[in-house]
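Structure record follows, encoded as C-alpha cells.
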Amino acid sequence: MNIRLGIVGPEDSMILLRNVLQEFDGQFTVVEKVYETFEDLCDITNIAQNTDVLLYSGQAPYYWVKSHVDLDVPGIYIPRNGTCLYKALFDIYRDGIDVSALSFDTISRRDIEETYMELKLPLSEVHTMAYDKYLPHDEIIDYHRKLWAKGKTHAAVTCLNKPYEEMRKLGIPVYRIYPTISSVRHSIERAMMYGESIKLKETQMALILVRVEDIDDVLYESSSHRVQIQLLDLYQVILGYGDETSATVTKTKDTEFMIITTRGRLEESTEVFLGSPLLRAIKANTNLKITMGVGYLASAIFAV
Numbered sequence: 037m038n039i040r041l042g043i044v045g046p047e048d049s050m051i052l053l054r055n056v057l058q059e060f061d062g063q064f065t066v067v068e069k070v071y072e073t074f075e076d077l078c079d080i081t082n083i084a085q086n087t088d089v090l091l092y093s094g095q096a097p098y099y100w101v102k103s104h105v106d107l108d109v110p111g112i113y114i115p116r117n118g119t120c121l122y123k124a125l126f127d128i129y130r131d132g133i134d135v136s137a138l139s140f141d142t143i144s145r146r147d148i149e150e151t152y153m154e155l156k157l158p159l160s161e162v163h164t165m166a167y168d169k170y171l172p173h174d175e176i177i178d179y180h181r182k183l184w185a186k187g188k189t190h191a192a193v194t195c196l197n198k199p200y201e202e203m204r205k206l207g208i209p210v211y212r213i214y215p216t217i218s219s220v221r222h223s224i225e226r227a228m229m230y231g232e233s234i235k236l237k238e239t240q241m242a243l244i245l246v247r248v249e250d251i252d253d254v255l256y257e258s259s260s261h262r263v264q265i266q267l268l269d270l271y272q273v274i275l276g277y278g279d280e281t282s283a284t285v286t287k288t289k290d291t292e293f294m295i296i297t298t299r300g301r302l303e304e305s306t307e308v309f310l311g312s313p314l315l316r317a318i319k320a321n322t323n324l325k326i327t328m329g330v331g332y333l334a335s336a337i338f339a340v
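Terminal number for the sequence shown in the numbering used here: 340, no gaps in between.
Below, the structure written as C-alpha cells:
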C-alpha cells in the first residue's frame, strides 16, 4: 500500500528526513514543503490536497499550521525529547561551556532533568520553555536573551532554526537540537500507520438502508396510486444519489432500498453541518416517513 506523504520543514531538517526515508523505498510517494519562515506555510494546502498524511519536522511548524491554516489532512510531528539532547550537550561540554545552567526551549523539564541524571551532569537550574501551541519566534528569542543578559545561563539550546540564527547574530552562545535518526524513523513509521488506516477506512464498504415506515397508515390516508407515485419519486431520488456517489442501488422490497458504496465516498458526500444530502433530497421530494441507517463492513462478508 503506497502512502502519499507530505514532509514539511526547513532545508536542514529535510536533509535528515530525506536520508531516513530512503529506508522506506517504495512505501511512500513523497511531496515536500520546504520553508524559511512560517509565512511560507500559508499555501500548504496546495500540497496537503495531494497527501494522505503530513509529517512536520517539529512541533513549531505543526502548531503554526494548526493555528493559521484550515486543513483536513491529519498531521504528526517529529518530537524533541531527552535523547535529542545528547549531541548538543556533548558539543557544549567539548567547547568548555559550563552545562549546569543552560536555557532550553521545546523540550520538557522532566526530559532535561532525566537526561542530566543519566549523564551524571551537574544541574543548578533548569530553564525551559515547553509549549503545546504556536509561539512566535520573537518570544522564544526574547526568553533566551533575557536569561543570558541576567547572567542566569551560560548558553542557549534551541530546537528552532530561526531563533538559532538570530541568537548567533546577537552574540549569545547557542546550540541547535536536531531529532535523532531513531526519532525520525519512528515518526515516519507512525505516519505510515496513519496513512494505512486512512486508506483502509476510505475503501471500507458502507451500506445505507432506506425504509418507508408506517406504509399502512399512508395507504389509509392516501390512494394506492398516489402512494405508488411517491414511492417512485423516492426511488428516483435514491438512484440520483447513487449516480452522484458511484454507488450501487438495490430495491430489496417495495418499500426498502439498499445503497452500497465506500466509506470514503459516503463521508465525502456528507457535509459536517448540513448532514446527508440524500436525507435532504428525500425530505424535499416526498412526504413519506423514512428511516435511514448506515453500517460499515470490513469486507463483503464480515461486518464490523
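We put the beta carbon where it would ideally sit given N, CA and C, even for glycine.
Flag this pair as yes or no: are the beta carbons of Thr151 and Leu121 separated by less than 8 angstroms?
-> Sequence index remark: in the sequence shown, residue 151 carries index 115 (1-based). Sequence index remark: in the sequence shown, residue 121 carries index 85 (1-based). In this structure, Leu121 lies closer than 8 angstroms to Thr151 by Cβ.
Under 8 angstroms Cβ to Cβ from Asp290, same chain only, skipping five residues before and after it: list those, please.
-> Along the sequence shown, read from residue 1 onward, the residue named residue 290 stands at position 254. Closer than 8 angstroms at the Cβ level, and outside the excluded window around Asp290, lie Leu267.
Extent of the continuous beta strand (DSSP E) run through Leu150 = In the sequence shown, counting from the first residue as 1, residue 150 sits at position 114. Residue 150 is actually Glu in this sequence, not Leu. First-last for Glu150: Arg145 to Leu155, but that is the alpha helix (DSSP H), not the beta strand (DSSP E).
Provide the residue(s) that pair with His163 in DSSP beta bridges, ordered along the chain.
-> The sequence position of residue 163 within the sequence shown is 127, counting from 1. For His163, which the question treats as bridged, DSSP gives the partners Ser139.
If I'm right that Leu159 touches Ser136 with Cβ under 8 angstroms, what's the distance once you round it to whole angstroms?
-> Position 123 of the sequence shown, counting from 1, holds the residue named residue 159. Position 100 of the sequence shown, counting from 1, holds the residue named residue 136. Contact annotation, Leu159 with Ser136: C-beta distance approximately 6 angstroms; criterion of less than 8 angstroms satisfied.
Can you tell me the Cβ-Cβ gap for Ile234 and Val66, rounded? I've got them flagged as a contact below 8 angstroms.
-> As a working note, residue 234 is residue 198 in the sequence shown. As a working note, residue 66 is residue 30 in the sequence shown. Rounded, the Cβ-Cβ distance is 16 angstroms, inconsistent with contact.
Just checking my contact of Pro199 with Ile177 at CB under 8 angstroms: how many whole Å lie between their CB atoms?
-> Mapped onto the sequence shown, residue 199 falls at position 163. Mapped onto the sequence shown, residue 177 falls at position 141. Right, their Cβ atoms sit about 5 angstroms apart.
Where the beta strand (DSSP E) through Ala191 begins and ends | Position 155 of the sequence shown, counted from the first residue, corresponds to residue 191. Ala191 to Thr194 is the span of the beta strand (DSSP E), which, as asked, contains Ala191.
Which parts of the region 100-136 are runs of the beta strand (DSSP E), unbroken and 3 residues or longer, counting only runs that do not cross its ends?
-> 111-113
Helix, strand or coil at Thr298 [DSSP, three-state] | On the sequence shown, residue 298 is found 262 positions in, with the first residue counted as 1. Reduced to three states, the DSSP call for Thr298 is strand.
Going along the chain, which unbroken runs of the beta strand (DSSP E) with 3 or more residues stay wholly within the region 222-282?
-> 241-248
Taking 8 angstroms as the threshold, find out whether the region 310-330 comes into contact with the region 267-284 through three or more Cβ pairs.
-> yes
Just the Cα atoms here: how many angstroms apart are Ile112 and Tyr92?
-> To locate residue 112, count along the sequence shown from 1; it is residue 76. To locate residue 92, count along the sequence shown from 1; it is residue 56. Going from the Cα of Ile112 to the Cα of Tyr92 covers about 6 angstroms.
Per DSSP, the bridge partner or partners of Thr65 = As a position in the sequence shown, residue 65 is number 29, starting the count at 1. Note: Thr65 sits in a beta bridge opposite Arg40.
Which residue comes first and which comes last in the beta strand (DSSP E) that contains Tyr289?
-> Position 253 of the sequence shown, counted from the start, is the residue given in the question as residue 289. In the sequence on display, residue 289 carries Lys and not Tyr. Start and end: Thr284 to Lys289.
Delimiting residues of the beta strand (DSSP E) encompassing Leu77 | As a working mapping, residue 77 is identified with position 41 in the sequence shown. From DSSP, Leu77 is part of no beta strand (DSSP E); its letter is neither H nor E.
Near Leu155, what residues of its chain come up, given a Cβ to Cβ distance below 8 angstroms and the 5 sequence neighbours on each side ignored?
-> By 1-based counting over the sequence shown, the position of residue 155 is 119. The answer, listed in chain order, is Tyr122 and Leu125.
Which residue's Cα is closest to the Cα of Phe74: Lys188, His104, Gly132 and Met203?
-> In the sequence shown, counting from the first residue as 1, residue 74 sits at position 38. Closest option to Phe74, Cα to Cα, is His104.
Output yes or no for whether 8 angstroms exceeds the beta carbon distance between Leu41 and Thr81.
-> To locate residue 41, count along the sequence shown from 1; it is residue 5. To locate residue 81, count along the sequence shown from 1; it is residue 45. For Leu41 and Thr81, no; Cβs fall outside 8 angstroms.
Could you name the residues of the same chain whose beta carbon sits closer than 6 angstroms to that of Lys287, not counting the 5 residues immediately before and after it, in chain order?
-> Stepping through the sequence shown from its first residue, residue 287 is reached at position 251. Excluding residues within five positions, the ones whose Cβ falls inside 6 angstroms are Phe293.
With a cut-off of 8 angstroms on the beta carbons, I'd call Pro97 and Ser219 a contact; round off their distance for me.
-> In the sequence shown, counting from the first residue as 1, residue 97 sits at position 61. In the sequence shown, counting from the first residue as 1, residue 219 sits at position 183. About 16 angstroms; that fails the 8 angstroms criterion.
As assigned by DSSP and simplified to three states, the class of Tyr211 = Locating residue 211 in the sequence shown gives position 175, where the first residue counts as 1. The answer is strand: DSSP assigns Tyr211 an E or B state.
Report the residue from Ala317, Ala192 and Tyr71 whose alpha carbon sits nearest the alpha carbon of Val44.
-> Stepping through the sequence shown from its first residue, residue 44 is reached at position 8. Among Ala317, Ala192 and Tyr71, the Cα nearest to that of Val44 belongs to Tyr71.
Can you tell me the Cα-Cα spacing of Leu206 and Asp168, whole angstroms?
-> In the sequence shown, counting from the first residue as 1, residue 206 sits at position 170. In the sequence shown, counting from the first residue as 1, residue 168 sits at position 132. The alpha-carbon atoms of Leu206 and Asp168 are separated by roughly 27 angstroms.
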